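Protein chains: 2
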Amino acid sequence: MAVTGPEIERLIALMSKLPGLGPRSARRAVLQLIKKKETLFSPLADAMADAAAKARICSACGNVDTQDPCAICADNTRDPHALCIVEEVGDLWALERAGAHKGRYHVLGGVLSALDGVGPDDLNIGKLVERLGGGDITEVILAMNATVDGQTTAHYITDRVSGLGISVTRLAHGVPVGGELDYLDDGTLAAAMKSRRPF
Amino acid sequence: MAVTGPEIERLIALMSKLPGLGPRSARRAVLQLIKKKETLFSPLADAMADAAAKARICSACGNVDTQDPCAICADNTRDPHALCIVEEVGDLWALERAGAHKGRYHVLGGVLSALDGVGPDDLNIGKLVERLGGGDITEVILAMNATVDGQTTAHYITDRVSGLGISVTRLAHGVPVGGELDYLDDGTLAAAMKSRRPF
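As given, the protein sequences belong to chains D and E, one line each in that order. Each number in the numbering used here comes from the position in the first sequence (counting from 1) with 937 added on. Each number in the numbering used here comes from the position in the second sequence (counting from 1) with 937 added on.
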């Protein structure tokens, strides 16, 4: 049953499709927006129209930006030899915020998953093979999530890369910085012990 | 550090101000929007501009609608004698979805709170007194939250209403429908026992 105007109901219905928001929190968010019309609602509506018009998927790496190629692919000061492969754009942004990688990226757009019916053709892998064949790239860094599907995907890409003379590395497993041993799972502790480094 | 275009960063910053979303979930939501550009992002941008332009606060009751007076105040089939007083617009919508009230509403826009420095002048109480003085209303239903501040506000309004010949009622306290006794707090159980009804 509609309790308010159709335009507001429609906004609530669309907002509730965002990850992290359900019908109830979408309603709360919209009421908050209307309460803060000048400081939040109008700027957000403008920003949304602006971003919707300008957001682009980078045709080279799959990153999201307002330019194509994206700022990272277009930046000639970055190392053209190291390519970091990630599952999603959010992972790329996380590595970039950490300043962890000085080369370029490649976004797969997901992981291989027999259960969900995701095969190599559903991912951005054709483009990856093309980039690897270009000859510039000497190291591929696998930065998939440490999940079963993530590691399956990493193995698949390793197979595709082998024979091209490109070295393949993956992110280290270990104790998170600031983490407490007592709260870590056995697999992480075993991996951290196995990969221990001279102090 | 900006990892993407300024328009997208700005959208993330504004989205993260919504209740229920922080910086991380705002980023996830925006990436989801860009992934579903045609089915979600563009419709949401349109809906937001539309709602931002049309949303109104009802000058009679404080409800949010796209018309002023709101659909409830403008609906002549509703009981003009019963006025239900709520804290926030969300509470009005909740009662309306439940079909719990056939009269009109009055939204205070908050509660009295000495701690937060909220006094009667900060709430929509002047307008309420004016409506009550109009002579149409014979019953006021207090539907504030069952919190200390909510009940303080209810007492304050009861004082303001006394002498006008208007009967004042409040929502019943008791066991929520579908609720289990073992999980209820002592106050609710005591109130439910005290207000027990013939079966």
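Beta carbons are placed, not taken as given, at the ideal position from N, Cα and C, and that holds for glycine. Please read all numbers here as calculations on a predicted model, not as lab measurements.
- For a Cβ distance threshold of 8 Å, residue set E944, R947, L948 and L951 of chain D lies close to A984(E), ordered along the chain.
- At a C-beta separation below 8 Å, P980(D) has these neighbours in chain E: L951.
- A Cβ-Cβ distance of about 4 Å is found for the pair C1007(D) and N1000(D), placing them in contact under the 8 Å criterion.
- For L1069(D), the enclosing alpha helix (DSSP H) stretches over residues I1062 to G1070.
- At a C-beta separation below 7 Å, G1027(D) has these neighbours in chain E: R964, R965 and L968.
- In the pairwise beta carbon analysis, the region 939 to 952 of chain E is classified as not touching the region 1128 to 1135 of chain D: fewer than three pairs are separated by under 8 Å.
- With respect to the 8 Å criterion, L1045(D) and T1090(D) are classified as neighbours on the basis of their beta carbons.
- Judged by their CB atoms, I1009(D) and R1041(D) are nearer to each other than the 8 Å cut-off.
- From the beta-carbon of D987(D), the residues of chain E found nearer than 8 Å are E944, R947 and L948.
- At a C-beta separation below 8 Å, G957(E) has these neighbours in chain D: G957, L958, S962, R965 and A966.
- A1035(D) carries a coil assignment under DSSP once its states are collapsed to helix, strand and coil.
- In terms of Cβ geometry, I1062(E) and R1068(E) do not form a close pair [threshold 8 Å].
- Shown in chain order are the members of the region 995 to 1006 of chain E whose Cβ falls below 7 Å from a Cβ of chain D: V1001, D1002, T1003 and Q1004.
- Looking at the DSSP output, E1076(D) sits in a beta bridge with A1019(D) and S1104(D).
- Residues of the region 1101 to 1117 of chain D with a C-beta atom less than 9 Å from some C-beta of chain E do not occur.
- Counting along the chain, the unbroken alpha helix (DSSP H) around R965(E) starts and ends at P960 to K972.
- Within the region 1040 to 1070 of chain E, no residue has its Cβ closer than 7 Å to any Cβ of chain D.
- For S953(E), same chain residues with a beta-carbon under 7 Å away, outside a window of 5 residues either side, are G959, P960 and A963 in chain order.
- By the criterion of a C-beta distance shorter than 7 Å, D1002(D) is surrounded in its chain by R993, C995 and A1008, once the five residues flanking it on both sides are discounted.
- Under the three-state reduction of DSSP, V940(E) is assigned to coil, being neither helix nor strand.
- One finds G942 and E944 in chain D with Cβ atoms closer than 7 Å to the Cβ of K991(E), taken in chain order.
- Here DSSP, grouped into helix, strand and coil, assigns H1110(E) to coil.
- In the displayed model, V1026(E) falls within a helix according to three-state DSSP.
- Separation of L1079(D) and L1108(D) (C-alpha to C-alpha, rounded to the nearest whole angstrom) is 7 Å.
- The Cβ of K954(E) sits closer than 8 Å to at least one Cβ of chain D.
- Contact of L1020(E) with chain D is not assigned, every C-beta pair being separated by 8 Å or more.
- Nearest CB-CB separation between I971(E) and chain D: below the 8 Å threshold.
- Nearest in C-alpha terms to L970(D), of all of P1135(D), G957(D), I949(D) and K1064(D), is I949(D).
- Taking the Cα of V1114(E) as reference, the smallest distance to any Cα among L981(E), L1060(E), A1035(E) and Y1093(E) is reached at A1035(E).
- A distance of 8 Å or more separates the beta carbons of A997(E) and M985(D).
- Separation of the CB atoms of E1076(D) and H1018(D) is rounded to 6 Å, and the pair is thereby assigned contact status at 8 Å.
- Between A966(D) and G957(E), the CB-CB gap stays under 8 Å.
- Chain-ordered, the chain D residues with CB closer than 9 Å to the CB of L977(E) read L951, K954 and L955.
- In the three-state reduction of the DSSP assignment, V1098(E) falls in the helix class.
- Where M1130(E) is concerned, the enclosing alpha helix (DSSP H) starts and stops at D1123 to K1131.
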